[in-house]
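Visitor: For the protein sequence lines, the chains are A, B and C, in the order given.
In terms of the numbering used here, the first sequence is residues 1 to 488.
In terms of the numbering used here, the second sequence is residues 489 to 803.
In terms of the numbering used here, the third sequence is residues 804 to 1099.
Glycine included, C-beta positions come from ideal geometry on N, C-alpha and C.
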Amino acid sequence: MGPDTDKTIFSSYVRKDGLFDEVFGKDGNVKSVYQKLLDLYGARSIEDYVSLNNKAKSSFFNQGITFQVYGDKQSQEKIFPFDLFPRIIDPKEWEIIEKGAIQRSLALNHFLWDVYHDKKIVKDGIVPIELLSSSPNYLHQMMDVDPPSKIYNHISGTDIIKHSDGNYYVLEDNIRCPSGVSYVICNRTALKRALFGVFNHYKTYTVTDYAENLLNLLESVKPPGVDSPVCVVITPGMFNSAYYEHSYLAKAMGVELVEGRDLFVENDFVYMKTTQGPVRVDVVYRRIDDLFIDPMEFHPDSTLGVPGLFAAYRKGNVTLANAPGTGVADDKAIYTYVPDIIKYYLGEEPILKNVHTYHCSRPDELQYVLDHISELVIKPVDEAGGYGISIGNKLTKEEIEEVKIKLKANPRKFVAQPIMSLSVHPTYIDSKESFEQRHIDLRTYTVLGQDKQFVLKGGLTRVALKEGNLIVNSSQGGGSKDTWVLKQ
Amino acid sequence: MLARVANNLFWMGRYIERAEHVARFMNVNYFSSLDAPNQLSQSRQFVLRSMLFMVGDPVYDDTLELDEESVLFDIGLNTEKNYSVISSIKTARENANSSRDLISTELYESLNKFYHFVMNYSKELFVKTNLYDFTVNVTEMTAVLRGKIRGTLLHDEVYAIIMLGVNIERAIQVTRIINTKFNDALMAQGSYGDPIGNSFEWSTLLKCAESYDMMRRLYKKSPNSTSTIEFLILNGRCPRSFMNCINQVYKHIHELDKKVEYDKGSTAFMVGKIRAEFEFKQIEEIQDDVQGNLDMILNKMFKISENMEKEFFNY
Amino acid sequence: MAGLNCAHMFYEYEIDYDTQNSYEKGLNEAFWQFMVIPEDNETQEVTYWHFENDLGERNSVSENGLGFKTVQVRSKKVIDHIRFNAHFKLKKKEINPFDFDLPMNLNDEIEILNSLDFKVDHEPYLRKTRLTALPEQHRDIFLFDSNKSVFENLTDLNYWAFGHLYFKVGVTDVNTPLAEIIEKRHGVCQDFTHLFCAVAKNNGIPCRYVSGYLHQGIGFFGDSQMHAWAEAFVPNVGWIGFDPTNNLLANHNHIKVCHGKDYNDCAPLKGVVYTLGDNETKYSVLVKTAEEQQQQ
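(1) Quick check on residue 63(A): does DSSP put it in helix, strand or coil?
(2) Quick one: Cα of residue 1022(C) to Cα of residue 1055(C), how far?
(3) Residue 139(A) and residue 324(A): beta carbons closer than 8 Å?
(4) Under the rule that 16 or more other beta-carbon atoms within 10 Å means buried, what is residue 108(A), buried or exposed?
(5) Taking only beta-carbon positions, decide if residue 1005(C) is within less than 8 Å of chain A.
(6) Could you name the residues of chain A that residue 869(C) contacts, counting a contact when the two beta carbons are closer than 9 Å?
(7) Against chain B, with Cβ distances strictly below 8 Å, would residue 260(A) count as a contact?
(8) Where does residue 792(B) fall in DSSP's three states?
(9) In chain order, which continuous runs of the beta strand (DSSP E) of length 3 or greater are located wholly inside the segment 973–1053 of chain C?
(10) Distance cutoff 8 Å, beta carbons only. Does residue 323(A) sit that close to anything in chain C?
(11) Compare the C-alpha of residue 481(A) against each of 56(A), 336(A) and 145(A) and name the closest.
(12) Pair every Cβ in the segment 137–157 of chain A with every Cβ in the segment 866–884 of chain C, then say whether three or more of these pairs are closer than 8 Å.
(13) By the three-class DSSP mapping on this structure, what secondary structure does residue 239(A) have?
(14) Near residue 754(B), which residues of its chain fall below 7 Å by C-beta distance, leaving aside the five closest residues on each side in sequence?
(15) Using the DSSP secondary-structure output, state which residues sit across from residue 174(A) in a beta bridge.
(16) Which bits of chain A does residue 489(B) rub up against, with CB to CB less than 9 Å?
(17) Residue ranges of each alpha helix (DSSP H) run of no fewer than 4 residues wholly in the segment 98–135 of chain A, ordered along the chain?
(18) Just how far apart, CA to CA, sit residue 288(A) and residue 666(B)?
(19) From residue 910(C) to residue 1001(C), what distance separates their C-alpha atoms?
(20) Could you name the residues of the same chain whose beta carbon sits closer than 6 Å to that of residue 374(A), not counting the 5 residues immediately before and after it, in chain order?
(21) Looking at C-alpha atoms only, which residue of 382(A), 251(A) and 49(A) is the closest neighbour of residue 412(A)?
(22) Tell me the DSSP bridge mates of residue 393(A)?
(23) Going by DSSP in three states, residue 524(B) sits in which element: helix, strand or coil?
(24) Is residue 295(A) close to chain C? Criterion is C-beta to C-beta, closer than 8 Å.
(25) Roughly how many angstroms lie between the CA atoms of residue 802(B) and residue 113(A), to the nearest whole one?
(26) Locate the beta strand (DSSP E) running through residue 427(A), then write down its first and last residues.
(27) Once DSSP output is grouped into helix, strand and coil, what is the label at residue 851(C)?
(28) Any beta-carbon of chain E closer than 8 Å to the one on residue 457(A)?
(29) For a minimum of 3 consecutive residues, which ranges assigned as the beta strand (DSSP E) are wholly contained in the segment 878–928 of chain C?
(30) Would you mind telling me which residues of chain A sit closer than 7 Å to residue 834(C), beta carbon to beta carbon, in chain order?
(31) For residue 304(A), count the other beta carbons within 10 Å of its own beta carbon; 16 or more makes it buried, fewer makes it exposed. Which is it?
(32) Kindly indicate if chain A contains any beta-carbon less than 8 Å away from that of residue 754(B).
(33) Going by the CB atoms, is the gap between residue 420(A) and residue 169(A) shorter than 8 Å?
(34) Throw me the rounded Cβ distance for the residue 574(B) and residue 566(B) pair, which I believe falls under 8 Å.
(35) Name the one or two DSSP bridge partners that residue 436(A) has.
(36) Distance check for residue 1033(C) and residue 1026(C), CA to CA, integer angstroms please.
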């Protein structure tokens, strides 16, 4: 137990030069927000830590807080890797993140309204028309549809990183069906159990009220004329990788978790099939992609959705959150224009910076990208979950040539960004039985409702578990950490 | 509640209950046969056949030599056999997965742990040495699940649906167990000339239904065919009896169907009618044709289940 | 209005749409959406409609994503077929397809076509879909003549498409790629229309697919199908209907139901059925004039 006899938690921690460590400064001193945590835990032995960590893991497994990875031959249940060493964000930095995330979500909401109505931003030459006309997520069916309370992106997930210059940058916006929020709450639950002694010493914002707040905001965007709306969460089903999250959110909000086959539409109203007969549904928090929500209007072969749902939506008899067609605004090609979008609609300077992005659709930028692949990250514009990303300095010569061929064949499909040096955080690595530096990012959750909005005070710190790796998505072997936002 | 989810919860209840009865039946029959008073009851082949009869996969060919390990594996851990304990637990969990938002975290966690326990149980150990350990664990874990169902769920529609599943399945399984042991008693009588009324199989039967001790307390003498069947079918205070099950079903169906006057085609009406019939039934009426009566009870339970499907789960 | 010599010519039509869908294995649950109701517009007005299905289910009138009326039928019984019938009465104005001022200055037209506002406003119908994208190898199959007005070019295109394909039933279906249609040079009205739209869009002219009924002439009886033609946007004039299958401009015999980017936006019947077996669809359309004409 004593630090003299055993290895302490950080006894073998190596800090590499050039990486921005969230916990230790350049001189090796502990940063002030982490001081207390290290005072309380730093001297503990690694064995102590491991036993706590294992207990927490088996609790996750027993509770079935698991996910399935795509591409596995057998669908295997895995727990989302996490460790008990939290990421702590001080109040001043959080203020920037919070304001920046809200600013971004509001601006994107304006943008969505505009591109589905007068398209002023395009006519004014700010955003090129090609970005709309070439986007499969730009849904003509949404033209001139007024969503209740004029809100499209009720829930946005903004992925933010800290660069080695110490500034926060937005890496991408997710405004279709951003996932992961259930892990934020599970991580917190696990940490409270394991490190209750530490919580006494930190004034940390709670994250467990997320579902309650979400329900309030969903109810606030009910269709006109409905007094007490019936909300549901719609899921593609048990075999979806995020099913745990869908069921968690439904349970925490106290609403039904439905599949497409549980709902039907008659006379442009939506009903769910219950043991006591049909019950009208007013607000649908959908976790099904746009193109699958209604086979009458979108993918005709999809049985995940509800035939007639879109007509009911168009008529204003049901609210869908997020609104269909939001995908046009989280396209990675639109991302570059977000600073301009913020200025155009809000007349403000962007609070959170963008990473510089090269559009391969522009000939001169394509040429730059082709000449500098080894210094860039190449991303397809319409893939989520970290799929299809090439990181220039990790590619072999042959792979670089392959990427070049792909870029030339379909330049509109790709954007490129300089390789950002994501900050690192001490992370417990199972196979090494020690803490090591790993790159992290932060997904924040912003919710817009009628005249009110909030950012979940915490968010999901995602960890790239492979050494040196920059891709943090869970489907790509990423882990997570509890994230503490401290009160002022 | 969603009709689809209600259906899943109903079957979750049924499968949890089914797993327990199958596990206990294996346990009690296997271990009580070891020192049974007559040779047939001691015979391993006899016991294995009895187990297969009970799960609904009877072997009629007397000359066939059954392999103990493969029979135990089939009934315990063979995922290919839909009657196995492991299949029941898998299905119960699948059903729970689709209704996780409605049941308590505690209940789900217990079921999930149970599932992992069964999935990870070594086949080798089970068929060679650990029959006792496995079956005892299964029966205990199902008891925990029952506790979680009762103690952590709101006693509303969700609870009623699960309890309907549990009680209908219990009535069916207890009836099947009686049928199996009655069959065993007939065979044991045929070989050794013991009067069927006092067969050793009646004690085994009561143990299979976890009712032996209480039966002794009530009747204060060795169980015979009349007292055992009376206790397990007609005694409403015996928690495993058919009478108790139908009383429970009657109580819970009211949570789903709150009408005062029931439609004659409704499940509530059907249940009420069966209950009234058995409330005033005498053992003598059953004794004349035990097997015929057991078949009738099974058919009635199947009808209730079918009717529920039409009335509440038809989505 | 006595004294004013104001004569409006009207045609009155009766339309009968009848369909039967049979399902080999039967089905428990189904949802059908029929897009067969003529739209109300400047030239036509639906004065009566009646729907019937033999399942005894409700016929709900709704709207699709582009605002056209649909009829939805939901069934949750075990069935093996549905028969659906729609009956309409409709008033159609006499149309003079050439009733506009032509041509405007060619340069003005080109300026409008090239302006950002125009491209933004007409983005939906300039967008190429799988069925209306001209294959790379056929990009130059029909080029516009820069010395002619947009309208003249479209009329030429109409004539060219009419000549390029010959009408043949049963050799193509809704999934036949445009390249194959161009190369094998045959098809039905859908294919003529997709080809027309593809070439028009390729030349920067907004163009949309129209689904509707064609009155095939006075006294003409017999089974018929739904018809398809195209509408192209001519600067300063508006949407003009071209029927490349018949080398016609759309006139009072063309009764429009709806439009969209291509056939997929306009399919007369969409259904979601939960069944494993095959299904068979039969349908017939009958369009007749109620009276020859009416003077007012």
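Guide: Let's see:
(1) coil
(2) Residue placement at residue 1022(C) is poorly supported in this model, since its pLDDT is 42, which falls under 50; the coordinates are not used for a value here.
(3) Taking 8 Å as the cut-off, the beta carbon of residue 139(A) is found closer than this to the beta carbon of residue 324(A).
(4) It counts as buried.
(5) Taking Cβ atoms only, chain A never reaches closer than 8 Å to residue 1005(C), which makes this a no.
(6) Going along chain A in sequence order, the residues near residue 869(C) (Cβ under 9 Å) are 140, 141 and 143.
(7) no
(8) helix
(9) Taken in chain order, the whole beta strand (DSSP E) runs of length 3 or more contained in the segment 973–1053 of chain C are 1010–1017, 1030–1037 and 1041–1046.
(10) no
(11) The shortest CA-to-CA distance from residue 481(A) to any of 56(A), 336(A) and 145(A) is the one to 56(A).
(12) yes
(13) coil
(14) Closer than 7 Å at Cβ, skipping near neighbours: 745 and 799.
(15) 157(A)
(16) What residue 489(B) touches in chain A: 256, 274, 275 and 276.
(17) 120–123 and 129–133
(18) 50 Å
(19) 23 Å
(20) The residues are 392 and 393.
(21) 382(A)
(22) Its beta-bridge partners do not exist; DSSP assigns none.
(23) coil
(24) yes
(25) 41 Å
(26) 424–429
(27) strand
(28) Here the protein chains are A, B and C, and chain E is not one of them.
(29) 882–896
(30) 307 and 308, listed in chain order.
(31) buried
(32) no
(33) yes
(34) 7 Å
(35) 427(A), per the DSSP bridge assignment.
(36) Low confidence applies here, because residue 1026(C) scores a pLDDT of 44, under 50, leaving its location unreliable and the question unanswered by this model.
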